[in-house]
Ligand SMILES: NC(=O)c1ccc[n+]([C@@H]2O[C@H](COP(=O)([O-])OP(=O)(O)OC[C@H]3O[C@@H](n4cnc5c(N)ncnc54)[C@H](OP(=O)(O)O)[C@@H]3O)[C@@H](O)[C@H]2O)c1
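In my numbering, the protein residues as written are 6 to 370.
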């Protein structure tokens, strides 16, 4: 049995779930039996604190760190933890561990400042697993540096635990020619579009999504489409398109009447957006098509926004909060390859991270 050391940046919803998964007896036993490895946390860091042990953090210290997080504190409050947590501090702590060959650093933050640390780990022979999309959606040069080796994995960045990244990687590795990728990458917007296509008002659909807990605290973070644009950019860049986030053509789902408001005013005046959005939906319905918030990849730039789809197409049949990705390639030209399922959620996202960690462990000499 090999013990694989790992560090975790970001012990929020996804990071905590990953630690709990790795503490689950069934998960540990399966990983040990199938991959012959045991993942051992050596470093945990959040915005305010850091907890490190060069010999590995035992289960009780991880539990204490999780208890501190659950109480609204920091991992640094667990015994032996510290308060400083810049990424330079994390790097200093990692260097004290000795060789980073075979070490895995997981980025489960939503920070855009992790790239230098991630590159240092990769340069030192370590591995990186990302749930955080930002490192891959900043400068194109950073994307190239991060993905120069297969020691950087990022399955959870697109579709959470759905095998989107590994599927595209395998199509590209085996010389298939990707003609187009069409994807619904936001469960929240999928839910809102399903309600709109049923004839519900825009304001009711947005409020229902908020009440169900599907949106970010500010629903415009979902409605603006930038998160979908980041996912589309990652797929385009994997295919060699040297694009920046500003190149992605994004049309938001925020009606023009509601642009530029502060959050309370936006929420209060939501019904003022009904006429604009519902007119577009009714026009589509009158022509027998549905609307879906789609990322279209395959042209010169990705196009993200409301898109008409046929009701009996894979995307047209989508309901609820599922994500879907439709790959059309030279080999899958007439009947496309389709991947569908929940594209967000702590458990499936942590599962996507774990899949990358297991893959990395299996590829280590
Ligand atoms: N949730 C999902 O379904 C899902 C799906 C796919 C991908 N993701 C991605 O996974 C990442 C984590 O998501 P989440 O839902 O777990 O978010 P979250 O609950 O907000 O947790 C984020 C964690 O990152 C830490 N953090 C933020 N900035 C940091 C910094 N500069 N230095 C150190 N730690 C920092 C936070 O520290 P504090 O605790 O101190 O604030 C927190 O522990 C995000 O990038 C998200 O986009 C999430």
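Note that CB positions come from ideal geometry on N, CA and C, so glycine has one too.
request  = Check whether the Cβ atoms of residue 12 and residue 51 lie closer than 8 Å to each other.
outcome  = The Cβ-Cβ distance between residue 12 and residue 51 does not fall below 8 Å.
query = In this structure, does DSSP put residue 207 in helix, strand or coil?
reply = Secondary structure at residue 207: helix, using DSSP grouped into helix, strand and coil.
key: residue 146 - DSSP class collapsed to helix/strand/coil   = DSSP places residue 146 in helix when its eight states are reduced to three.
inquiry  = Determine whether the beta carbon atoms of residue 211 and residue 234 lie at a separation below 8 Å.
reply    = The answer is no: Cβ separation not under 8 Å.
ask   = Hey, would you say the C-beta of residue 326 is under 7 Å away from at least one heavy atom of ligand 1?
value = Checking every heavy atom of ligand 1 against the Cβ of residue 326, none is found closer than 7 Å.
Three-state secondary structure (DSSP) of residue 36 = Looking at residue 36 - three-state DSSP - the assignment turns out to be helix.
query = With DSSP run on the structure shown, which of helix, strand or coil describes residue 319?
reply = Looking at residue 319 - three-state DSSP - the assignment turns out to be coil, as it is neither helix nor strand.
task = Please name the residue, chosen from 304, 217, 337, that lies closest to residue 325 on a Cα-to-Cα basis.
result = Comparing Cα-Cα distances from residue 325 to each of 304, 217, 337, the minimum goes to 217.
query = When the Cα of residue 47 is compared with those of 57, 283, 53, which residue comes out closest?
reply = For residue 47, the nearest C-alpha among the options comes from 57.
message = Determine whether the beta carbon atoms of residue 28 and residue 164 lie at a separation below 8 Å.
response = Note that the C-beta distance between residue 28 and residue 164 is not below 8 Å.
key: Distance cut-off 7 Å: residue 346 Cβ against heavy atoms of ligand 1   = Incorrect: residue 346 has no Cβ contact closer than 7 Å to ligand 1.
task = Could you spell out the range, first to last residue, of the beta strand (DSSP E) harbouring residue 358?
result = Run containing residue 358: none in the beta strand (DSSP E); it sits in the alpha helix (DSSP H), 351-368.
message = Going by C-alpha to C-alpha distance, which of 300, 306, 40, 362 sits closest to residue 313?
response = When only C-alpha atoms are compared, the closest one is 300.
task = Assign residue 125 to one of three DSSP states: helix, strand, or coil.
result = Secondary structure at residue 125: helix, using DSSP grouped into helix, strand and coil.
key: Best match in 93, 101, 83 for proximity to residue 60 [C-alpha to C-alpha]   = It is 101.
query = Hey, out of 108, 225, 62, whose CA is closest to residue 260's CA?
reply = Its Cα nearest to that of residue 260, the residue 225 stands out among 108, 225, 62.
query = Does the beta-carbon of residue 70 have 16 or more other beta-carbons within 10 angstroms, so that it is buried, or is it exposed?
reply = Of the other Cβ atoms in all chains shown, 16 or more fall within 10 Å of the Cβ of residue 70; this residue is therefore buried.
ask   = In this structure, what does DSSP give as the bridge partners for residue 298?
value = Partner(s): 311.
ask   = Is residue 218 near ligand 1, going by C-beta to nearest heavy atom under 7 Å?
value = No, the beta carbon of residue 218 sits no closer than 7 Å to any heavy atom of ligand 1.
ask   = Would the C-beta of residue 15 count as close to ligand 1, meaning under 7 Å from any of its heavy atoms?
value = Residue 15 Cβ: within cutoff of ligand 1.
query = Going by other Cβ atoms of all chains shown within 10 Å of its Cβ, with 16 needed for buried, is residue 247 buried or exposed?
reply = Exposed is the call here.
request  = Kindly examine ligand 1 and report whether one of its heavy atoms sits closer than 7 Å to the Cβ of residue 51.
outcome  = At least one heavy atom of ligand 1 falls within 7 Å of the beta-carbon of residue 51.
request  = Would you list the residues sitting across from residue 159 in a DSSP beta bridge?
outcome  = Per the DSSP secondary-structure output, residue 159 pairs with nothing in a beta bridge.
ask   = If you draw a straight line from the C-alpha of residue 55 to the C-alpha of residue 116, how long is it?
value = Rounded to the nearest angstrom, the two C-alpha atoms are 16 Å apart.
message = Spatial neighbours of residue 155 within its chain, please: C-beta separation below 8 Å, excluding the five flanking residues on both sides.
response = Short of 8 Å from the beta carbon of residue 155, and not among the five residues preceding or following it, lie these beta carbons of its own chain, in chain order: 368.
task = On the DSSP bridge assignment, give the partners of residue 342 in chain order.
result = DSSP, once it has assigned bridges, lists 332 as partnering residue 342.
ask   = For residue 79, is the beta carbon positioned less than 7 Å from some heavy atom of ligand 1?
value = Yes, Cβ of residue 79 sits closer than 7 Å to a heavy atom of ligand 1.
inquiry  = Could you check if residue 236 belongs to the surroundings of ligand 1, using beta carbon to heavy atom distance under 7 Å?
reply    = Taking 7 Å as the cut-off, the C-beta of residue 236 does not count as close to any heavy atom of ligand 1.
ask   = What residue range is occupied by the uninterrupted beta strand (DSSP E) comprising residue 11?
value = Per DSSP, residue 11 belongs to the beta strand (DSSP E) from 7-14.
Any 3 or more C-beta pairs closer than 8 Å across the segment 262-272 and the segment 198-207 = Output reads no: the segment 198-207 does not touch the segment 262-272.
key: Best match in 303, 7, 147, 243 for proximity to residue 175 [C-alpha to C-alpha]   = Ranking 303, 7, 147, 243 by Cα distance to residue 175 puts 243 first.
key: Of the listed residues 209, 289, 250, 119, nearest to residue 196 (C-alpha basis)   = 209 is the residue among 209, 289, 250, 119 whose C-alpha sits nearest the C-alpha of residue 196.
ask   = Taking the Cβ atom as the reference point for each residue, do residue 353 and residue 343 lie within a distance shorter than 8 Å?
value = No, Cβ-Cβ distance for residue 353 and residue 343 is not below 8 Å.
Beta-carbon spacing of residue 74, residue 67 below 8 Å = In this structure, residue 67 does not lie closer than 8 Å to residue 74 by Cβ.
query = What number of angstroms, rounded off, separates the C-alpha of residue 295 from the C-alpha of residue 355?
reply = Approximately 33 Å between the Cα atoms of the pair.
query = With respect to 7 Å, is the separation between the Cβ of residue 351 and the closest non-hydrogen atom of ligand 1 below this value?
reply = Correct: residue 351 has its Cβ closer than 7 Å to ligand 1.
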